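Visitor:
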Amino acid sequence: MLKIGGVLCAALAILLAGCGKSSPTSAVATSTARGTLMFNPPVRLASLDAPTLTEDLGETSSGQQLLELAGTPTCGVDVYYIEYWTVGAKGEAASASGALMVPTGTDAPCTGPRPIVLYAHGTAFEKTYNIADIADSSNSAYSESALIAAIFAAQGYIVVAPNYAGYDISNLPYHPYLIGAQQSKDVSDALTAARTALPNTFTPGTSDNGQLFITGYSEGGYVAMATVKAMTAAGETVTASAPMSGPYATEALVDAVFLGSVNIGSTAFTPLFVTAYQEAYGNIYSEPTDIYEPQYAPNMFELLPSNTPIDTLFANGTLPETALFSNSTPVIPGNAQLTALLAVPANPVFAIGFGTPNLITNDERVSYAIDAVTNPDGAVLAPPSVALAATPQNTLRIALKTNDMRDGSFWAPGGPMLMCGGDQDPTVFFSLDAGTMATYWAALPAGLITVLDLNATPTANDPFAPLQVAFQQDIASILATSGEVGVAESYHDTVAPFCTVAARGFFSKF
Amino acid sequence: MRTTTITALLVLLGLAAPLARADDSGLDNQVRIGLYYIHYASNADDISGPYTPPGLNLRIDDLETLYLAYVRRLSTHFELELAVGYPPLTKTVGRGPAMLGSVPYNGQVISTARWLAPSLLLNYKFFDDAAKLRPYVGIGVNYTDFYSRQSTSAGDAVTGGPTSISLPSSIGPVGAVGLSYGISDRFRAYASYSVSYVHSRLTADTAGLIHTTNIDFNPRALVVSVGYSF
Numbered sequence: 003m004l005k006i007g008g009v010l011c012a013a014l015a016i017l018l019a020g021c022g023k024s025s026p027t028s029a030v031a032t033s034t035a036r037g038t039l040m041f042n043p044p045v046r047l048a049s050l051d052a053p054t055l056t057e058d059l060g061e062t063s064s065g066q067q068l069l070e071l072a073g074t075p076t077c078g079v080d081v082y083y084i085e086y087w088t089v090g091a092k093g094e095a096a097s098a099s100g101a102l103m104v105p106t107g108t109d110a111p112c113t114g115p116r117p118i119v120l121y122a123h124g125t126a127f128e129k130t131y132n133i134a135d136i137a138d139s140s141n142s143a144y145s146e147s148a149l150i151a152a153i154f155a156a157q158g159y160i161v162v163a164p165n166y167a168g169y170d171i172s173n174l175p176y177h178p179y180l181i182g183a184q185q186s187k188d189v190s191d192a193l194t195a196a197r198t199a200l201p202n203t204f205t206p207g208t209s210d211n212g213q214l215f216i217t218g219y220s221e222g223g224y225v226a227m228a229t230v231k232a233m234t235a236a237g238e239t240v241t242a243s244a245p246m247s248g249p250y251a252t253e254a255l256v257d258a259v260f261l262g263s264v265n266i267g268s269t270a271f272t273p274l275f276v277t278a279y280q281e282a283y284g285n286i287y288s289e290p291t292d293i294y295e296p297q298y299a300p301n302m303f304e305l306l307p308s309n310t311p312i313d314t315l316f317a318n319g320t321l322p323e324t325a326l327f328s329n330s331t332p333v334i335p336g337n338a339q340l341t342a343l344l345a346v347p348a349n350p351v352f353a354i355g356f357g358t359p360n361l362i363t364n365d366e367r368v369s370y371a372i373d374a375v376t377n378p379d380g381a382v383l384a385p386p387s388v389a390l391a392a393t394p395q396n397t398l399r400i401a402l403k404t405n406d407m408r409d410g411s412f413w414a415p416g417g418p419m420l421m422c423g424g425d426q427d428p429t430v431f432f433s434l435d436a437g438t439m440a441t442y443w444a445a446l447p448a449g450l451i452t453v454l455d456l457n458a459t460p461t462a463n464d465p466f467a468p469l470q471v472a473f474q475q476d477i478a479s480i481l482a483t484s485g486e487v488g489v490a491e492s493y494h495d496t497v498a499p500f501c502t503v504a505a506r507g508f509f510s511k512f
Numbered sequence: 007m008r009t010t011t012i013t014a015l016l017v018l019l020g021l022a023a024p025l026a027r028a029d030d031s032g033l034d035n036q037v038r039i040g041l042y043y044i045h046y047a048s049n050a051d052d053i054s055g056p057y058t059p060p061g062l063n064l065r066i067d068d069l070e071t072l073y074l075a076y077v078r079r080l081s082t083h084f085e086l087e088l089a090v091g092y093p094p095l096t097k098t099v100g101r102g103p104a105m106l107g108s109v110p111y112n113g114q115v116i117s118t119a120r121w122l123a124p125s126l127l128l129n130y131k132f133f134d135d136a137a138k139l140r141p142y143v144g145i146g147v148n149y150t151d152f153y154s155r156q157s158t159s160a161g162d163a164v165t166g167g168p169t170s171i172s173l174p175s176s177i178g179p180v181g182a183v184g185l186s187y188g189i190s191d192r193f194r195a196y197a198s199y200s201v202s203y204v205h206s207r208l209t210a211d212t213a214g215l216i217h218t219t220n221i222d223f224n225p226r227a228l229v230v231s232v233g234y235s236f
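Protein sequence lines, in the order shown, are assigned to chains A and B.
Numbered per the numbering used here, the first sequence finishes at 512, counting up by one with no gaps.
Numbered per the numbering used here, the second sequence finishes at 236, counting up by one with no gaps.
1) Relative to chain A, which residues along the region 202-224 of chain B have a C-beta separation below 8 Å, given in chain order?
2) How many angstroms separate the CA atom of residue 111 (chain A) from the CA atom of residue 163 (chain A)?
3) Among the residues of its own chain, which have a CB less than 6 Å from the CB of residue 27 (chain B), if the five just before and after it don't count?
4) For residue 128 (chain B), which three-state DSSP category applies?
5) For the region 85-97 of chain B and the region 121-140 of chain B, state whether three or more C-beta atom pairs, one from each stretch, are separated by less than 8 Å.
6) Per DSSP, which residues does residue 97 (chain B) bridge with? Please list them.
7) Just to confirm, are residue 221 (chain B) and residue 208 (chain B) a CB contact at a threshold of 9 Å?
8) Do we get a CB-CB distance below 9 Å when we pair residue 142 (chain A) with the residues of chain B?
9) Candidates B:167, B:52, B:232, B:202: which alpha carbon is nearest residue 103 (chain B)'s?
10) Could you check the C-alpha separation between residue 215 (chain B) and residue 277 (chain A) for me, to the nearest Å?
11) Which class does residue 77 (chain A) belong to by DSSP, given the choice of helix, strand or coil?
12) Is there a Cβ of chain B sitting closer than 9 Å to that of residue 253 (chain A), yes or no?
13) Name, going along the chain, the residues of the region 47-67 of chain A whose beta-carbon falls closer than 7 Å to a beta-carbon of chain B.
14) Using the three-state DSSP reduction, which class does residue 301 (chain A) fall into: helix, strand or coil?
15) From the DSSP output, read off the bridge partner residues of residue 205 (chain B).
16) Sort A:118, A:281, A:172 by Cα distance to residue 151 (chain A) and report the nearest one.
17) Does DSSP put residue 314 (chain A) in a helix, in a strand, or in coil?
18) Judging by CA-CA distance, which residue of A:379, A:322, A:156 is the nearest neighbour of residue 506 (chain A)?
19) With 16 as the cutoff for other CB atoms within 10 Å, does residue 90 (chain A) come out buried or exposed?
20) Within its chain, find whatever has a CB closer than 7 Å to the CB of residue 109 (chain A); leave out the 5 residues flanking it on each side and keep chain order.
21) Identify each residue in the region 117-135 of chain A for which the Cβ-Cβ distance to at least one residue of chain B is less than 7 Å, and report them in chain order.
22) Contact criterion: CB-CB distance below 9 Å. Does residue 230 (chain A) meet it with respect to chain B?
23) Mind checking which residues open and close the alpha helix (DSSP H) that includes residue 260 (chain A)?
24) Is there a Cβ of chain A sitting closer than 9 Å to that of residue 71 (chain B), yes or no?
25) Using 10 angstroms around the beta-carbon of residue 295 (chain A), count the other beta-carbons present and answer buried if the total reaches 16, otherwise exposed.
26) For residue 79 (chain B), which three-state DSSP category applies?
27) So, using beta-carbon positions, are residue 231 (chain A) and residue 186 (chain A) closer together than 9 Å?
28) Can you give the beta carbon distance from residue 473 (chain A) to residue 423 (chain A), rounded, assuming they're within the 8 Å contact cut?
29) Distance check for residue 38 (chain B) and residue 149 (chain B), CA to CA, integer angstroms please.
30) Could you tell me which residues DSSP puts in a beta bridge with residue 70 (chain B)?
31) With respect to the alpha helix (DSSP H) encompassing residue 479 (chain A), which residues constitute its N-terminal and C-terminal limits?
32) Could you tell me the distance, in whole angstroms, from the CA atom of residue 165 (chain B) to the CA atom of residue 405 (chain A)?
33) Could you tell me the distance, in whole angstroms, from the CA atom of residue 74 (chain B) to the CA atom of residue 232 (chain B)?
34) Distance check for residue 358 (chain A) and residue 329 (chain A), CA to CA, integer angstroms please.
35) Counting only beta-carbon atoms, is residue 94 (chain B) nearer than 9 Å to chain A?
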């Protein structure tokens, strides 16, 4: 008995010794070098064939409108979640994540070598923003995720869309908002990681055909242009680009804001770029109260992006919803002209940015405004000049100049560029941004720079005329139902799908 | 866990030893061979983890496998049974929505694993050794180790990529009822029904995204076997 029992136990022990094996998961990168893909292959978060994508979008009125604009999906879309290494504003290693969208299906435009669209998203206030999470319609990135899936990926473009450092799983405790040097690296690193991932997807036959298109909306429009600038400087080829509604002329835009043309959303945008510049340059303020009113100052440095929805931050008084500046006009002794300039403007949209309690102190506003008129930005105070301020003194203004797309030696995109937007945009001023850059590039050969103003009167034979007509009908509809305030609040977001479709049309020419 | 369990089995054998008393016939050892018909009355929590829609659950496919046992007669009424099935390939099947996007889920075999699941039972046999029919009941302990854990291609499609699976071993009680029929001095036929408590926590790792669920496998095993005494 003991002998037999011993044999059984020995056999059991041998069997147990072989236990524990499992199928492997993705390889994990040990390097933190820029552009390193952390998990290869990356995880696919969603796989939607063309009928399913059509059905999903058709379930909501906004999705139906998107389908009307984008067209019926030709391809399915597989959405992968990529995690990669990039750098922060100070060159520190930073993790980041994003989406790789791969067209699927058997139709010719959906397989084989395909062009890549590098897409940079607009300002996100929620730290959990994840553009790869297309399966969850409740997440804050869903609408933008669905937008680029429908407009680009479902029509045969491979899409790479970073979430940016500072969002989602990123270990960077801040977001380098409107820091062109960092954001262009972030986007380029996402592209490198996505190219590493591409051969290891569920559809390895879908590959990069060598065409690279760069686009983005709002903050992403700025990021797109900064990336074109950086890649052009590095001698890399960009087939074509389409920055949309971006604050390209950061100095000019913020000068206009501080001089009274307060844009919609400024109370949220301002802490984002002030914190980013403070992290990057360390000289924007000594104490937060140098810039922010005392009641808001303690929370501002790490406030945005936040795990708390922006509407909650407004509702609980952490951040004023609209009052960037005090409605008590500062008086500048001996300078009646500037004092008048700082008064609450007559324009009702700009006037929304004034109130009590407000976010920015009058002292900071006056300091900035004096610098803005002493060292003027040509686009703001001396048009048609588009020259940057020669010697700004205010540290915030210096940072804005550093990150303005006009800064440094004259540059021009290596490939054709479309700048799309709407000239009544109260969030990112079209004429001050796209208009300034168009003037900056006015001497370039015809055809290199195209400016599309969705608000302009459509002209015959203009391929963008149908989009202009449709956009203006949308705005008219909003005006009829919600009035001018409704238009002001929704104008910037309304532009996005129309410009994105315009970008696709522009890219399709190459 | 493995060492602990083997030790536990040996300790149980040792505790039972004082009860052992040789039969007059000298046929105190028995080996049995037969078939396990296993039904899993499984119950699992919905799968949790990032990017997981609600309502994703699992079930385990029923299966058959070879039954092997060594039995030591302790007395007229008691015996100790060490039963081991040939490690079956168990299939974990998706239960929930038909599709996740365009990926089939419900009814798909998403992972497999082999089970090494020895049970040690102390059986009480009714009637005496001469009886042709002897009902019996048994209680004991089951140890289950899951190995060769594989995510299938359908599973990889669901989870989004190559997936490693962790399924810690389980130890739990087992109970059995059975009936034996004497064919000859050395051969008896057996039929039994056993219920085991097998619990584990399934963890799937797909490119660093972790999904988990707790599973009560609740195997219900019908065994038909023949025993040879020596």
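Glycine included, each C-beta is placed from N, C-alpha and C at the ideal position.
Just so it is clear, the structure is predicted and the values come from calculations on it, not from any experiment.
Guide: A quick look at the data gives this:
1) 211, 212, 213, 214, 215
2) Counting from 1 along the first sequence, the entry for residue 111 (chain A) is found at position 109. Counting from 1 along the first sequence, the entry for residue 163 (chain A) is found at position 161. Roughly 20 Å separates the two Cα atoms.
3) If you number the second sequence from 1, residue 27 (chain B) lands on position 21. Note that residue 27 (chain B) scores 45 on pLDDT, short of 50, meaning its location in the model is unreliable; the coordinates nonetheless yield the value given after this. Closer than 6 Å at the Cβ level, and outside the excluded window around residue 27 (chain B), lie 81.
4) On the second sequence, position 122 is the one that residue 128 (chain B) refers to. Here residue 128 (chain B) sits in strand by DSSP.
5) yes
6) As a first step, residue 97 (chain B) is located in the second sequence; it is residue number 91 there, counting from the start. According to DSSP, which records beta bridges pairwise, residue 97 (chain B) is partnered with B:118.
7) Mapped onto the second sequence, residue 221 (chain B) falls at position 215. Mapped onto the second sequence, residue 208 (chain B) falls at position 202. For residue 221 (chain B) and residue 208 (chain B), yes; Cβs fall inside 9 Å.
8) Locating residue 142 (chain A) in the first sequence gives position 140, counting from the first residue. Judged by the 9 Å Cβ criterion, residue 142 (chain A) is not in contact with chain B.
9) Position 97 of the second sequence holds residue 103 (chain B). Nearest C-alpha to residue 103 (chain B): B:52.
10) In the second sequence, the residue the question calls residue 215 (chain B) occupies position 209. In the first sequence, the residue the question calls residue 277 (chain A) occupies position 275. Between residue 215 (chain B) and residue 277 (chain A), the C-alpha separation is close to 31 Å.
11) The sequence position of residue 77 (chain A) within the first sequence is 75, counting from 1. Reduced to three states, the DSSP call for residue 77 (chain A) is coil.
12) Position 251 of the first sequence, counting from 1, holds the residue named residue 253 (chain A). False, the Cβ-Cβ gap to chain B never drops below 9 Å.
13) 47, 48, 49, 50, 51, 54
14) Position 299 of the first sequence, counting from 1, holds the residue named residue 301 (chain A). If DSSP states are grouped into helix, strand and coil, residue 301 (chain A) belongs with the helices.
15) By 1-based counting over the second sequence, the position of residue 205 (chain B) is 199. Looking at the DSSP assignment, residue 205 (chain B) forms a beta bridge with B:222.
16) To locate residue 151 (chain A), count along the first sequence from 1; it is residue 149. For residue 151 (chain A), the nearest C-alpha among the options comes from A:118.
17) If you number the first sequence from 1, residue 314 (chain A) lands on position 312. Residue 314 (chain A): helix per DSSP, three-state reduction.
18) If you number the first sequence from 1, residue 506 (chain A) lands on position 504. Closest by alpha carbon: A:156.
19) Within the first sequence, the letter at position 88 stands for residue 90 (chain A). Classification of residue 90 (chain A): buried, given that the 10 Å Cβ count is 16 or more.
20) Walking along the first sequence from the start, residue 109 (chain A) turns up at place 107. 76, 77, listed in sequence order.
21) 135
22) Along the first sequence, one-based indexing puts residue 230 (chain A) at 228. By this cut-off, residue 230 (chain A) is not an interface position.
23) To locate residue 260 (chain A), count along the first sequence from 1; it is residue 258. Residue 260 (chain A) -> alpha helix (DSSP H) spans 252-260.
24) Start at 1 with the first residue of the second sequence, and residue 71 (chain B) comes out as number 65. Chain A, which has no Cβ nearer than 9 Å to the Cβ of residue 71 (chain B), makes this no.
25) In the first sequence, counting from the first residue as 1, residue 295 (chain A) sits at position 293. Buried is the call here.
26) Here the question's residue 79 (chain B) lines up with position 73 in the second sequence. Looking at residue 79 (chain B) - three-state DSSP - the assignment turns out to be strand.
27) If you number the first sequence from 1, residue 231 (chain A) lands on position 229. If you number the first sequence from 1, residue 186 (chain A) lands on position 184. The answer is yes: Cβ separation under 9 Å.
28) The count along the first sequence starts at 1 and reaches residue 473 (chain A) at position 471. The count along the first sequence starts at 1 and reaches residue 423 (chain A) at position 421. No, residue 473 (chain A) and residue 423 (chain A) are not in contact; Cβ-Cβ is about 11 Å, not under 8 Å.
29) Taking the second sequence and counting its residues from 1, one reaches residue 149 (chain B) at position 143. Taking the second sequence and counting its residues from 1, one reaches residue 38 (chain B) at position 32. When rounded, the distance between both Cα atoms is 19 Å.
30) Position 64 of the second sequence holds residue 70 (chain B). B:43, per the DSSP bridge assignment.
31) The residue you call residue 479 (chain A) lines up with position 477 of the first sequence. It spans 467-509 - the alpha helix (DSSP H) in which residue 479 (chain A) sits, taken as one unbroken run.
32) As a first step, residue 165 (chain B) is located in the second sequence; it is residue number 159 there, counting from the start. As a first step, residue 405 (chain A) is located in the first sequence; it is residue number 403 there, counting from the start. Taking the straight line joining both Cα atoms gives about 41 Å.
33) Within the second sequence, the letter at position 68 stands for residue 74 (chain B). Within the second sequence, the letter at position 226 stands for residue 232 (chain B). Straight-line Cα distance between these residues: approximately 10 Å.
34) On the first sequence, residue 329 (chain A) is found 327 positions in, with the first residue counted as 1. On the first sequence, residue 358 (chain A) is found 356 positions in, with the first residue counted as 1. So the two alpha carbons sit approximately 7 Å from each other.
35) Here residue 94 (chain B) refers to the residue found at position 88 when the second sequence is read from its first residue. Not closer than 9 Å to any Cβ of chain A, the Cβ of residue 94 (chain B) fails to qualify, so no.
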